[in-house]
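A.B. asks:
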DNA sequence: GGTAGATTATACCAGTGGGTAGAGTACTAC
DNA sequence: GTAGTACTCTACCCACTGGTATAATCTACC
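Protein chains in written order, with this note's numbering: chain A, 4 to 250; chain B, 4 to 250.
Have a look at this one:
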């Protein structure tokens, strides 16, 4: 009885939400398989973010889609695969800027800042939470190896960008490795507190982070501030016009 | 049979480790109850860090102490309590510097830097992992409320320190809230990659972080570099730190 | 050496949830 | 209409693990 209650409650709830499910009512279910599989993975990611991986049963995910458990298993082999897909979706998105070729015209710090912006947006996506918690959840050894490899690729990408900056003089740091760890930590942690429809958009958060990373906390004299404070003037983030008060 | 194998394996392993268990052989077990309870919590924290909360059974923790499950339950009410104790141990340690009174002689940034050092050390402790992952693990509502309150206290402490710095001119930031999030993220994330007997000690990591937080990545002129990199001089510039010479 | 209290082990229960077998249903093609 | 395919459901299994009842054991103290 408790099971039936839970299921029907979840069903009603998900009927209300506007996050459309490809299983609209009970008929007309001849859509593309790929679309449905994507929907399963998205629903899983949302559920994992909301309740945590181990507190989310396959039944929960199924209920959120107006479907029963075997349907989930029709699209995905097992729960671990489901998690892995969420993680990979997030990681791949973060990796994008590292994989496309370097633009020659711009200094490393500008490219670095763009990377930070992209990273922050990816983390704020629904797959960000899964990605960030990936290490803790019990992935099998082969999946874990895959994830670790991609994470390492990200780390190396950050370090390379930092080193390039040190080389062309646009970035100053004496410990690339630790700086990369600090950066990744600050960015990854966004997944722990960011919620949609919050006061700040992901883009605004990214911009605040870029400023902090660039400028640091120790005050600078006014002359030194211009390029770092507003590194991207072409299209400013919506509300906050990046006005930096000076001491 | 697999169970017996697992248990005996864990038993042997823990016999080898030098992390002494208060149940040495089978005799002389008239120690203080408190000591044993502490040992249980420490063992739990280590196990949670190593395998994750949901992948650690009470039997695992018991086996690591050469003991059986009911013994654990003799010292702690349930698994959630065990987790909660680990989390609180970490949080309390982080909170220390925020609770002791402000030293009047030093500028806010110096106190801020000390706080960062303390924070990093606490996160690198064995309770750091539990603390950082606390939000994800399924705590009951009352425990969760307690944890959230302490976390909020930490956040407020960071922000207050930043604001004090802005006020006395030793810290420059235009978004205290985001800066605090970035700082906490970078620090918390240490728990995800730090392992003991690594190349860098926790103190060294903390120092690298302090440098990065203070200086940022955009280059400063050489003259401005030294005071921020080693910001711990006995008496720092009062209102406006070390007028930076410019070229 | 016997008794009380503290401590630990053996053996067990029960809920939960991942995963599956097999039967049905609907749509398409012929 | 009939066969085939794609998809989904009902009903079930079973391993794992949190938690407990109960008995045994150990220590202190008389």
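We put the beta carbon where it would ideally sit given N, CA and C, even for glycine.
Quick one: residues in its chain with C-beta nearer than 8 Å to the C-beta of residue 156 of chain B, no 5 flanking neighbours on either side, listed in chain order?
C.D. replies: Taken in chain order, the residues that qualify are 98 and 101.
A.B. asks: Output yes if chain A places a C-beta closer than 9 Å to the C-beta of residue 91 of chain B; else output no.
C.D. replies: Cβ-Cβ to chain A under 9 Å: no for residue 91 of chain B.
A.B. asks: Contact check, residue 181 of chain A vs residue 184 of chain B under 8 Å by CB: the rounded distance?
C.D. replies: Not confirmed; about 19 Å, so no contact.
A.B. asks: Which residues of chain B have a Cβ atom closer than 8 Å to the Cβ of residue 178 of chain A, listed in chain order?
C.D. replies: Within 8 Å Cβ-Cβ: 211, 214 and 215.
A.B. asks: Within 10 Å of its beta-carbon, does residue 71 of chain B have 16 or more other beta-carbons around it, so buried, or fewer, so exposed?
C.D. replies: That one is exposed.
A.B. asks: Taking the alpha helix (DSSP H) that residue 48 of chain A falls in, what are its first and last residues?
C.D. replies: Where residue 48 of chain A is concerned, the enclosing alpha helix (DSSP H) stretches over 36–54.
A.B. asks: Could you spell out where the alpha helix (DSSP H) holding residue 135 of chain A opens and where it closes?
C.D. replies: Taken as a continuous stretch (DSSP letters only), the alpha helix (DSSP H) holding residue 135 of chain A covers 129–135.
A.B. asks: Once DSSP output is grouped into helix, strand and coil, what is the label at residue 165 of chain B?
C.D. replies: Residue 165 of chain B: helix per DSSP, three-state reduction.
A.B. asks: Put residue 200 of chain B into one of helix, strand or coil per three-state DSSP.
C.D. replies: If DSSP states are grouped into helix, strand and coil, residue 200 of chain B belongs with coil.
A.B. asks: So, is the C-beta of residue 64 of chain B closer than 9 Å to a C-beta in chain A?
C.D. replies: False, the Cβ-Cβ gap to chain A never drops below 9 Å.
A.B. asks: Span of the alpha helix (DSSP H) holding residue 100 of chain B?
C.D. replies: Taken as a continuous stretch (DSSP letters only), the alpha helix (DSSP H) holding residue 100 of chain B covers 82–102.
A.B. asks: Answer yes or no: does any C-beta atom of chain B fall closer than 9 Å to that of residue 115 of chain A?
C.D. replies: At least one chain B Cβ lies under 9 Å of residue 115 of chain A.
A.B. asks: Kindly indicate which three-state DSSP category residue 261 of chain B falls into: helix, strand or coil?
C.D. replies: In the structure as shown, chain B begins at 4 and stops at 250. Residue 261 of chain B is therefore absent and cannot be evaluated.
A.B. asks: For the candidate residues B:223, B:187, B:115 and B:46, whose alpha-carbon lies nearest to that of residue 154 of chain B?
C.D. replies: Among B:223, B:187, B:115 and B:46, the Cα nearest to that of residue 154 of chain B belongs to B:187.
A.B. asks: Out of B:55, B:218 and B:73, which one is the CA nearest neighbour of residue 173 of chain B?
C.D. replies: Looking at the Cα atoms, B:218 is the closest of the given residues.
A.B. asks: With C-beta atoms as the reference, is residue 165 of chain B less than 9 Å away from residue 179 of chain B?
C.D. replies: Yes.
A.B. asks: Given that a residue counts as buried once 16 or more other Cβ atoms are within 10 Å of its Cβ, and exposed if not, what is residue 135 of chain A?
C.D. replies: Looking at its Cβ environment, which holds 16 or more other Cβ atoms inside 10 Å, residue 135 of chain A is buried.
A.B. asks: Three-state secondary structure (DSSP) at residue 106 of chain B?
C.D. replies: Residue 106 of chain B: coil per DSSP, three-state reduction.
A.B. asks: Just confirm the distance between the C-beta atoms of residue 139 of chain A and residue 55 of chain B, as a whole number of angstroms; I'd bet it's less than 8 Å.
C.D. replies: With a Cβ gap of about 5 Å, residue 139 of chain A and residue 55 of chain B count as contacting.
A.B. asks: For a quick check, are the C-beta atoms of residue 272 of chain A and residue 96 of chain A less than 9 Å apart?
C.D. replies: There is simply no residue 272 of chain A to check, as chain A begins at 4 and stops at 250 in what is shown.
A.B. asks: Here's a check: name, in chain order, each residue in its chain whose Cβ is nearer than 8 Å to the Cβ of residue 78 of chain B, leaving out the five neighbours to either side.
C.D. replies: Closer than 8 Å at the Cβ level, and outside the excluded window around residue 78 of chain B, lie 36, 39, 40 and 43.
A.B. asks: Please list, in chain order, the chain B residues whose beta carbon lies closer than 7 Å to that of residue 208 of chain A.
C.D. replies: The answer, in chain order, is 181.
A.B. asks: With a CB to CB cut of under 8 Å and the five nearest residues on each side skipped, what residues in its chain are close to residue 64 of chain B?
C.D. replies: If we look at residue 64 of chain B and ignore the five residues flanking it on each side, its Cβ neighbours are 43, 46, 47, 50, 75 and 85.
A.B. asks: Between the C-alpha atoms of residue 202 of chain A and residue 208 of chain A, what's the straight-line distance to the nearest angstrom?
C.D. replies: Whole-angstrom Cα-Cα distance: 10 Å.
A.B. asks: Assuming residue 190 of chain B and residue 123 of chain B make a contact with CB atoms under 8 Å, what is their CB distance in whole Å?
C.D. replies: Right, their Cβ atoms sit about 6 Å apart.
A.B. asks: The alpha helix (DSSP H) spanning residue 208 of chain B covers which residue range?
C.D. replies: Its alpha helix (DSSP H) spans residues 205–218.
A.B. asks: Return yes when the Cβ of residue 160 of chain A is within less than 9 Å of the Cβ of residue 126 of chain A, no when it is not.
C.D. replies: No.
A.B. asks: So, with DSSP's three-state summary, where would you put residue 33 of chain A?
C.D. replies: Because residue 33 of chain A carries a pLDDT of 49, less than 50, the predicted location of this residue cannot be relied on, and no value is offered for it.
A.B. asks: For a test of the three-state rule: what should DSSP assign to residue 152 of chain B, helix, strand or coil?
C.D. replies: Residue 152 of chain B falls in the helix class under three-state DSSP.
A.B. asks: Would residue 115 of chain B and residue 142 of chain A be called neighbours here (beta carbons separated by less than 9 Å)?
C.D. replies: In this structure, residue 142 of chain A does not lie closer than 9 Å to residue 115 of chain B by Cβ.
A.B. asks: Find out if the Cβ-Cβ distance for the pair residue 214 of chain B, residue 177 of chain A is shorter than 9 Å.
C.D. replies: Contact flag set, yes.
A.B. asks: Could you check the C-alpha separation between residue 83 of chain A and residue 194 of chain A for me, to the nearest Å?
C.D. replies: Straight-line Cα distance between these residues: approximately 21 Å.
A.B. asks: Measure the beta-carbon distance from residue 130 of chain A to residue 89 of chain A and round it to whole angstroms, keeping in mind my assumption that it falls under 8 Å.
C.D. replies: The pair is a contact, with the Cβ atoms about 5 Å apart (cut-off 8 Å).
A.B. asks: Identify, in the order they occur along the chain, each residue of the same chain with its Cβ nearer than 6 Å to the Cβ of residue 105 of chain A, setting aside the five sequence neighbours on each side.
C.D. replies: Excluding residues within five positions, none has a Cβ falling inside 6 Å.
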